[in-house]
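Only one structure is covered here, and it is reproduced in the block below.
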Amino acid sequence: GRNSPTVINAAYNKFHFWDGRAGSLEEQALGPIANPIEMNLTTKEAVERINAIPGYKKQFQKIFGSDATEETVAKAIATYERTILCGDAPYDRFKAGDKKALSESAQRGMQLFFGKAACSSCHSGPTFTDHAFHNIGVGMDAKEPDAGRKAISNLGGDQGSFKTPTVRDIGRSAPYMHDGSLKTLKEVVEHYNKGGIPNEFLDEEIFKLNLTPQEVDDLVTFMKEGLTSSNYPEHKEPELP
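Next comes the structure, spelled out in structure tokens:
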């Protein structure tokens, strides 16, 4: 199975889902409805259920001028997801001039992230993702490996490739990797440190890093401390079901 990706800053994603099969939040929003291991409904059934709830019916009439439809349900969910944003992490404050924003360990980890550890080769830019797909070896030693992006692109070179996730607020989103197989950030760093899991489709950016135990700890500290936002979104449970 696949691990649920974070929706933090999903508004900035070029692709959605680990294999990038959705090109917009609206398209992504409808995916879980029909997924047999999630809601397991047709969109028609979901819309009928929504329209049967007076509170939703009233709001859809007010906002869209009609009962809920597949299109307006997708718009409503996507619009909500675009409000789930974060930033203003210690790293951002450090880059803006507050040299006390990061501990010494986190500062060393930051240098590793953008240097020796080469994390920024893929986790780049303000959103810490290149919006691309890479094979880092996770799951490739399984009896029947997940095809990943290849199932969508039909390109042989995409075998076992998955979308680069943001690492903003990564300390809050365990477990890790597309299959949730790594439970801690230290395990993640150790996976990269050993050069991933060898396979014929392994991305050229994946190689042994030769990080020392102290460097591993510093890198984890940077991601946990430096990329954890002060304005992490908190949302109340909805009144409607």
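If you count by this note's numbering, then the sequence shown holds residues 9 to 249, one letter each, in order. By construction, the Cβ of each residue, glycine as well, lies at the ideal position given by its N, Cα and C atoms. Quantities reported herein were computed from a predicted structural model and do not represent experimental measurements.
So, for residue 205: in the same chain, excluding its five sequence neighbours on each side, which residues have a beta-carbon less than 7 Å away from its beta-carbon? Taking C-beta separations shorter than 7 Å and ignoring five residues to either side along the sequence, the partners of residue 205 in its chain run 145, 146, 148 and 149, following chain order.
Is it true that the CB of residue 33 sits closer than 8 Å to the CB of residue 42?
For the 8 Å CB-CB criterion, residue 42 and residue 33 do not form a contact.
Here's the rule: buried if 16 or more other CB atoms are within 10 angstroms of the residue's CB, otherwise exposed. What is residue 163? Residue 163 is exposed by the Cβ-count criterion.
Quiz prompt | Separation of residue 89 from residue 67, as counted between CA atoms | solution = Counting only the Cα atoms, residue 89 lies some 18 Å from residue 67.
Next item on the list: Compute the distance between the beta-carbons of residue 235 and residue 19, then report whether it is under 8 Å.
Entry: Not a contact, by the Cβ cut-off of 8 Å.
Alpha helix (DSSP H) runs contained entirely in the region 75-139, provided each spans 4 or more residues
For the region 75-139, whole alpha helix (DSSP H) runs of length 4 or above, ordered along the chain, are 78-89, 98-103 and 112-121.
Next on the checklist: For residue 199, report the span of its alpha helix (DSSP H) as first-last.
Outcome noted: Note, residue 199: alpha helix (DSSP H), 193-201.
| said: If you reduce the DSSP assignment to three classes, tell me which class residue 38 lands in. | reply: DSSP places residue 38 in helix when its eight states are reduced to three.
If I follow the unbroken alpha helix (DSSP H) through residue 57, where does it start and stop? That run of the alpha helix (DSSP H) goes 51-59.
- Task: Assign residue 45 to one of two classes, buried (16 or more other C-beta atoms within 10 Å of its C-beta) or exposed (fewer than that).
- Result: It is exposed - the Cβ of residue 45 has fewer than 16 other Cβ atoms within 10 Å.
Cβ separation of residue 199 and residue 193, assumed to be a contact under 8 Å, to the nearest whole Å
About 10 Å; that fails the 8 Å criterion.
Chain-order list of residues whose beta-carbon lies under 7 Å from that of residue 175 (same chain, five-residue window excluded): Around residue 175: 131, 136, 231 and 235.
Three-state secondary structure (DSSP) of residue 150 | Of the three classes helix, strand and coil, the one that applies to residue 150 here is coil, per DSSP.
**Message:** Please classify residue 222 as buried or exposed, where buried requires at least 16 other C-beta atoms within 10 Å of its C-beta.
**Reply:** The residue is exposed, with fewer than 16 neighbouring Cβ atoms inside 10 Å.
Could you tell me if residue 249 is buried or exposed, where buried requires 16 or more neighbouring beta carbons within 10 angstroms of its beta carbon? Around the C-beta of residue 249, fewer than 16 other C-beta atoms lie within 10 Å, and the residue is accordingly described as exposed.
Discussion item. Per the DSSP calculation, residue 235 is bridged to which residue(s)?
Written reply: Paired residues: none, contrary to the question.
Please state if the CB of residue 76 and the CB of residue 64 are separated by a distance shorter than 8 Å. Yes, Cβ-Cβ distance for residue 64 and residue 76 is below 8 Å.
Taking 6 Å as the limit between beta carbons, can you name the residues of its chain near residue 127, skipping five residues before and five after?
Correct list, in chain order: 121.
* Asked: What are the partner residues of residue 171, as DSSP defines its beta bridges?
  -> BP columns for residue 171 point to 141.
Could you tell me which residues DSSP puts in a beta bridge with residue 156?
The partner list for residue 156 (beta bridge, DSSP) reads 169.
Mind checking residue 170: buried by the 16 CB within 10 Å criterion, or exposed? Counting other Cβ atoms within 10 Å of its Cβ, residue 170 reaches 16 or more and is therefore classed as buried.
**Asked** What are the boundary residues of the alpha helix (DSSP H) that residue 229 is part of?
**Response** From DSSP, the alpha helix (DSSP H) with residue 229 extends over 221-229.
ask   = From residue 158 to residue 217, what does the alpha carbon distance come to, in whole angstroms?
value = Spanning the two alpha carbons is a distance of roughly 27 Å.
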